[in-house]
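A.B. asks: Below you will find the structure I want to go over with you.
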Amino acid sequence: MPNASKKSLALLSILILTLTALIAGGVTLALLTDAETNSGSEVTAGTIDLTAKRDHGDYVPGPMFYPDSLDPDGNHPYDREEINPSGESIGGWAPGDHVQRTMIVTNEGSLDAKITGIRANVRESYTQNLQSGGSHTVTGLTSGEAYEEFIQKANVVVSIPDQELLLYEGPLADLIFENEDEFAATINQPVVQGTIPPFEPGPLNITFDVTLDRSAGNRLQGQNFIFDFGFYAEQVTNNEDGEQEPEEGVASGMIYDALNGDGLGGFLMQFREGEDTQSGEVVASTTTNEDGSYSISLPAGTYTAEVSGDGYITNYFTVQVEADTETPNQNAALSPVLSETQTRIVLTWGETPRDLDSHLTGPTSDGGTFHIYYGNKEYWENGELVAKLDFDDTNSYGPETTTVTINHMLDGDYTFYVHNWSGEAPITTSNAVVKVFQGSQQVASYNVPTEGEGRYWDVLKISEGQIIPINHIR
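In terms of full-length UniProt numbering, the sequence shown has 208 at position 208, counting the first letter as 1, and numbering is strictly consecutive.
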């Protein structure tokens, strides 16, 4: 059984021989009765408030119950002065003795508590107050040859029978450590649920079996050995299977029109886990505000946002969420629906470089070449608008957008490339994305390469109606 050293959030101790439940809060390790709790133990997002007790009657102080051994009045043998077996009496342990006890553990705190470790502590003495009045005190061995043989020959099994869950099985010796913050890791990690709705607090019925092997020497006959067990519990977030959920963060940004930069209010945003995940389970959704802004809390991770609205082509973009912080300026530009003969190319990028320019070259009817860019935003032929730079935003705080629309395809090749006009940062660090739309759908998407030198990004070529990727830095 591996061991580990870890600061505990809650320590639940139970005592074999007298079996009184003890609870300690935080790292103060103050011993309490089983009627008390560590309710003041503050943790990151609430409290863990563990309670351990017997499962019968109002008589709380005292030992745990014996499984299947309660009398008709709800009492068990240890409530009396006559105590059996020998391991429960002043007469001490004998080879072959088997002691079984069960403790109910509940959690009245707001947070789930995951039991991750177990240890044993040896005690020199214990005084038991009897329900019938009076008390008796026993002392036990804590060193010597008989003690060493006992901790090797005493086999311990800790389990949750109703869940068929084993927590520990092995010699008592493997549970004894010199340092208070050391423990043996549990085989499984049961969760004592907290009270955050819809969860109910616990309980866990944890059973302890201790058997002294029959091969133990006669020198152990009648000796007293007093020991307790301690559980280490950690905070977990409230989820039904008890697994740790990622911490949440906030993603925010703007959704706007690719043609004019206006914010698009009332648009549906749906989020799926992973990058470029365009189908499958939607884990969260929201609607953009009137000005096109949005803000949403999600567990930390990478998501694909799907944005849709009447009259616009559905767009997908990647959203990053970091724990305990807001990641702003995660924006997207939506293209209005096109006719079947139109093609629209939309470039978006981050905060830096400050200005990227879209360039489109294409054929003219007389065998020449036209060039659309910020200095020449339209190309006409025979009174018909062939191509246009619809929108060139150089003032936004990332991402910025340029949009080129090809209204009529002439025979020949069209090339779209991007120029890092401002040049204050490499284009490879711009997080630039080029998306191509035709009709009512997105037909291609390209991310800027992260390697290469130069201020130009050759993105794509359109030849005979086919989109051919280039994706090269020069």
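Yeah, the Cβ is synthetic: ideal placement off N, Cα and C, and Gly gets one too.
Distance, Cα to Cα, Met-409 vs Tyr-417?
C.D. replies: 18 Å
A.B. asks: Who are Pro-299's beta bridge partners in DSSP?
C.D. replies: Glu-248
A.B. asks: Give the straight-line distance between the Cα atoms of Thr-139 and Ile-226, rounded to the nearest whole angstrom.
C.D. replies: 8 Å
A.B. asks: Excluding five sequence neighbours on each side, which residues of the same chain lie with their C-beta closer than 7 Å to the C-beta of Ala-146?
C.D. replies: Arg-219, Leu-220 and Gln-223
A.B. asks: Please go through the same chain and pick out, in chain order, the residues whose beta-carbon is closer than 7 Å to the beta-carbon of Glu-275, but skip the five residues on each side of it.
C.D. replies: Thr-302, Thr-304 and Thr-318
A.B. asks: Out of curiosity, what's the CA-to-CA distance linking Thr-361 and Ser-440?
C.D. replies: 24 Å
A.B. asks: Suppose only complete runs of 3+ residues qualify. What are the beta strand (DSSP E) ranges in the region 316-353, listed by chain order?
C.D. replies: Given a length threshold of 3 residues, each whole run of the beta strand (DSSP E) inside the region 316-353 is given here in chain order: 332-334 and 343-349.
A.B. asks: Is Ser-297 near Tyr-312, with beta carbons less than 8 Å apart?
C.D. replies: no
A.B. asks: Is the Cβ-Cβ distance between Thr-288 and Gly-266 less than 8 Å?
C.D. replies: Contact: yes.
A.B. asks: At what residues does the alpha helix (DSSP H) containing Ile-467 begin and finish?
C.D. replies: Per DSSP, Ile-467 belongs to no alpha helix (DSSP H); it is in the beta strand (DSSP E), 466-473.
A.B. asks: Mind reading off the beta-carbon distance from Ile-151 to Leu-167? Whole number of angstroms is fine, and I expect it under 8 Å.
C.D. replies: With 8 Å as the limit, Ile-151 and Leu-167 do not qualify as a contact, their Cβ atoms being about 19 Å apart.
A.B. asks: Quick check on the DSSP output: the alpha helix (DSSP H) that includes Tyr-168 runs from which residue to which?
C.D. replies: Where Tyr-168 is concerned, there is no enclosing alpha helix (DSSP H), although the beta strand (DSSP E) it sits in stretches over 165-171.
A.B. asks: Where do the ends of the beta strand (DSSP E) carrying Phe-267 lie?
C.D. replies: That residue, Phe-267, is in no beta strand (DSSP E); it is neither H nor E in DSSP.
A.B. asks: Per DSSP, what are the beta-bridge partners of Met-254 in this structure?
C.D. replies: Ser-293
A.B. asks: Could you check what DSSP says for Arg-219 in three-state terms: helix, strand or coil?
C.D. replies: Three-state result, Arg-219: helix.
A.B. asks: Tell me, which residues are paired with Val-282 by DSSP?
C.D. replies: For Val-282, which the question treats as bridged, DSSP gives no partner whatsoever.
A.B. asks: Let me know if Val-158 comes out buried or exposed under the rule of 16 or more other beta-carbons within 10 Å of its beta-carbon.
C.D. replies: buried
A.B. asks: For a minimum of 4 consecutive residues, which ranges assigned as the alpha helix (DSSP H) are wholly contained in the region 355-439?
C.D. replies: none
A.B. asks: Starting from Tyr-446, trace the beta strand (DSSP E) both ways and give me its first and last residue.
C.D. replies: 441-447
A.B. asks: Ile-255: which of Asn-331, Val-282, Gln-100 and Thr-450 sits nearest, CA to CA?
C.D. replies: Distance from the Cα of Ile-255 is smallest, within the candidate group Asn-331, Val-282, Gln-100 and Thr-450, for Asn-331.
A.B. asks: Between Gly-96 and Ala-113, what straight-line distance do the alpha-carbon atoms span, to the nearest angstrom?
C.D. replies: For Gly-96 and Ala-113, the distance between alpha carbons rounds to 36 Å.
A.B. asks: State the start and end residues of the unbroken alpha helix (DSSP H) segment that holds Ile-151.
C.D. replies: First-last of the alpha helix (DSSP H) with Ile-151: 145-153.
A.B. asks: Looking only at its chain, what residues have a beta carbon closer than 6 Å to the beta carbon of Gln-278, apart from the 5 residues adjacent to it on each side?
C.D. replies: Tyr-316
A.B. asks: Out of Gly-309, Glu-273 and Thr-325, which one is the CA nearest neighbour of Ser-295?
C.D. replies: Of the listed residues, the one whose Cα sits closest to Ser-295 is Thr-325.
A.B. asks: Compare the C-alpha of Asn-188 against each of Glu-164, Asp-366, Leu-175 and Asp-174 and name the closest.
C.D. replies: Glu-164
A.B. asks: Please return the same chain residues whose Cβ sits closer than 7 Å to the Cβ of Val-459, not counting the five positions on each side in sequence.
C.D. replies: Phe-416, Tyr-417, Val-418, Val-434, Tyr-446, Ile-470 and Asn-471
A.B. asks: Short check: CB of Gly-186 to CB of Gly-117, under 8 Å?
C.D. replies: Note that residue 186 corresponds to Thr in the displayed sequence, not to Gly. Yes; because the gap between Cβ atoms is below 8 Å, this pair is in contact.
A.B. asks: Please check the pair Trp-457 and Ile-468, which I expect to be a contact at CB under 8 Å, by giving their CB distance rounded to whole angstroms.
C.D. replies: Between Ile-468 and Trp-457 the Cβ distance is about 15 Å, and since that is not below 8 Å, they are no contact.
A.B. asks: Going by the DSSP bridge assignment, what does Thr-304 pair with across the sheet?
C.D. replies: Looking at the DSSP assignment, Thr-304 forms a beta bridge with Arg-272 and Thr-318.
A.B. asks: Nearest CA to the CA of Leu-356: which residue from Trp-380, Thr-369 and Tyr-373?
C.D. replies: Tyr-373
A.B. asks: So, with DSSP's three-state summary, where would you put Asp-174?
C.D. replies: helix
A.B. asks: Which residues mark the beginning and the end of the beta strand (DSSP E) in which Asp-209 is found?
C.D. replies: 204-212
A.B. asks: So, are the CB atoms of Val-436 and Asn-407 less than 8 Å apart?
C.D. replies: no
A.B. asks: For Glu-247, which residues of its own chain have a beta-carbon under 8 Å away from its beta-carbon, when the five flanking residues on both sides are left out?
C.D. replies: Excluding positions up to five away in sequence, the list reads Pro-299, Ala-300, Ala-323 and Asp-324.
A.B. asks: Would you say Pro-353 and Glu-451 are within 8 Å of each other, going by their C-beta atoms?
C.D. replies: no
A.B. asks: Taking Cβ to Cβ, would you say Val-122 is nearer than 8 Å to Thr-142?
C.D. replies: yes
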